[in-house]
DNA sequence: GCCTCATGTGAACGGCGTTCAAAAAATGCC
DNA sequence: GGCATTTTTTGAACGCCGTTCACATGAGGC
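Protein chains in written order, with this note's numbering: chain A, 1406 to 1613; chain B, 1406 to 1613.
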């Protein structure tokens, strides 16, 4: 053991785990979740096949860790976009919502495989969602709920949360189907315009 | 060979293929696409393992055939719903669109695993979508485009087609995320109301 | 130096989709 | 019917997969 000085076992394990998640991320980004092979990963980070299971209980959890990273990068992208748009008037709110939706599309386009695995992951039977994953998601919804507070000041927090989820899901639907070449969908070059139209239309729906 | 009289080879092959797709459909409906195992299927329809590949080139195509059935049943469900709603006035059109969207949700709920495999199927690299599959999809969009013609008489056919795709994708997004227990989403009991709200809001967006 | 114990290893296991040489059945011909 | 030829069916075998576990390896305390 002991290749670097002052390196405890747990520190090395953490470094190996980081390398593993790095490798997993690269492989998913290149070849999708189907490209996550135990033997390839072990070879890439220089440990024996069985050693993987000292770092991670199974490959599903590895994909989950990659997804967590992706979700955080998505959050940063949305934050960066939101910060570029003022939020004083209702018009500002609508514009920011449009910008966020389009940033979502841009992120999905630019991180296609990683973004897809966010939703392809179906955990085995027991299906207990780790709480950190839930928190990651809640943080995303905040980006939508915030402008909604300007647009719908009279609504309750819970009501706006529901609206935020609905709006997100609708935009998400356009993006999923639009980026899926197998389906007859909104053509890729029209996606931005259609998303903008949908967001503006639903926002107009608030006032009537 | 020859167990039933006047049964040609090709007729028996067709019967076996039907039995195979039946079995595949049952297994997907029960356990999702992960439950589609070559050995189980062969045993269930009473042929040898290798015999499967006389009926179907691989399991992906089998899943595709099941998906075709599902798509057709979905089409029938939407047709039945559409037929129950008049289409004389713009108000009628909006109401019908809402009804169709909710019928889509109901179908997804009632055929969860089969409906999911419609979208989980990612065909290998070459990615040529069989034309019959494309036609199935086009027929579905017609159900949305038809009311849109009443709502947007001045628009071109192509423009309405684009709107139909966008509207479908948005509703689809709410349904996918809403029926996915892994994600924080619109709670199931609120799905109907949220879908109705979205459809009505976007329809109001047409006139302004 | 030596014992102890945590850590790392890779052969092995069970399961998967798919293939293919060989067996079996059907068909054609006398 | 009997034999040769072709078609169809069979299941053992292949290669790959995720995961496990008996064993080897090396570090830390004495």
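Think of the CB as a built atom: it goes at the ideal place given N, C-alpha and C, for glycine as much as any other residue.
Check, Outcome
"Whole runs of the alpha helix (DSSP H) within the segment 1551–1593 of chain B, excluding any shorter than 4 residues", "1562–1583"
"Span separating the alpha-carbon of residue 1520 (chain B) from that of residue 1549 (chain B)", "19 Å"
"Residue 1597 (chain B) (DSSP reduced to helix, strand or coil)", "helix"
"Selection from B:1503, B:1492, B:1439, B:1513 that minimises the alpha carbon distance to residue 1478 (chain B)", "B:1513"
"Alpha carbon of residue 1606 (chain A) to alpha carbon of residue 1506 (chain A), nearest angstrom", "13 Å"
"CB contact below 8 Å: residue 1515 (chain A) versus chain B", "no"
"Neighbour-count burial assignment, residue 1448 (chain A), 16 or more Cβ in a 10 Å radius", "exposed"
"Straight-line Cα distance separating residue 1573 (chain A) from residue 1545 (chain A)", "10 Å"
"Residue environment, residue 1410 (chain A), which counts as buried when at least 16 other CB atoms sit within 10 Å", "Note that residue 1410 (chain A) has pLDDT 45, beneath the 50 cutoff, so the model's placement of it is unreliable and no number is given."
"Assumed close pair residue 1576 (chain B), residue 1603 (chain B) - CB separation to whole angstroms, cut-off 8 Å", "7 Å"
"The segment 1551–1559 of chain B / the segment 1555–1566 of chain A touching (three or more Cβ pairs under 8 Å)", "no"
"Contacts that residue 1594 (chain A) makes with chain B (C-beta to C-beta distance below 9 Å)", "Ordered by position in chain B, no residue passes the 9 Å Cβ test against residue 1594 (chain A), which lies about 11 Å from the chain."
"Proximity test, Cβ basis, 8 Å: residue 1543 (chain B) and chain A", "yes"
"Own chain, CB closer than 7 Å to residue 1464 (chain A), minus 5 neighbours either side, in chain order", "1441, 1443"
"First and last residue of the uninterrupted alpha helix (DSSP H) at residue 1522 (chain B)", "1517–1525"
"DSSP three-state assignment for residue 1417 (chain A), whether helix, strand or coil", "helix"
"Segments of 4+ residues assigned as alpha helix (DSSP H) that fall wholly inside the segment 1456–1508 of chain B", "1457–1460, 1464–1488"
"Closer than 8 Å to chain A by CB, residue 1452 (chain B)", "no"
"Nearest residue (CA-CA) to residue 1567 (chain B), options A:1547, A:1551, A:1589, A:1570", "A:1589"
"Contact set between the segment 1601–1612 of chain B and chain A, restricted to residues whose Cβ is under 9 Å from the partner", "1602, 1603, 1605, 1606, 1607, 1608, 1609, 1610, 1611"
"Interface flag, residue 1470 (chain B) vs chain A, CB-CB below 8 Å", "no"
"Opening and closing residue of the alpha helix (DSSP H) in which residue 1447 (chain B) lies", "1443–1450"
"When A:1611, A:1610, A:1609, A:1552 are compared against residue 1492 (chain A), the one with the closest alpha-carbon", "A:1552"
"Beta carbon of residue 1489 (chain A) nearer than 8 Å to that of residue 1426 (chain A)", "no"
"Pairwise C-alpha distance: residue 1424 (chain A) and residue 1445 (chain A)", "13 Å"
"Per-residue burial, residue 1586 (chain B) [other beta carbons within 10 Å of its own, 16 or more giving buried]", "exposed"
"Local conformation of residue 1436 (chain B) per DSSP, three classes", "helix"
"Residue 1571 (chain A) versus residue 1555 (chain B) - alpha carbon distance", "26 Å"
"Environment of residue 1418 (chain A) [buried if 16+ CB atoms lie within 10 Å]", "exposed"
"Cβ distance (whole Å) where residue 1523 (chain B) is taken to contact residue 1475 (chain B) below 8 Å", "6 Å"
"Contact check, residue 1503 (chain A) vs residue 1430 (chain A), beta carbons under 8 Å", "no"
"Contacts of residue 1577 (chain A) in chain B (Cβ-Cβ under 7 Å)", "1578, 1582"
"Burial state of residue 1407 (chain B) (16 or more Cβ within 10 Å)", "Residue confidence is low: residue 1407 (chain B) scores 38 on pLDDT, short of 50, so the model does not pin down where it sits. Its coordinate-derived value is still stated next. Result: exposed."
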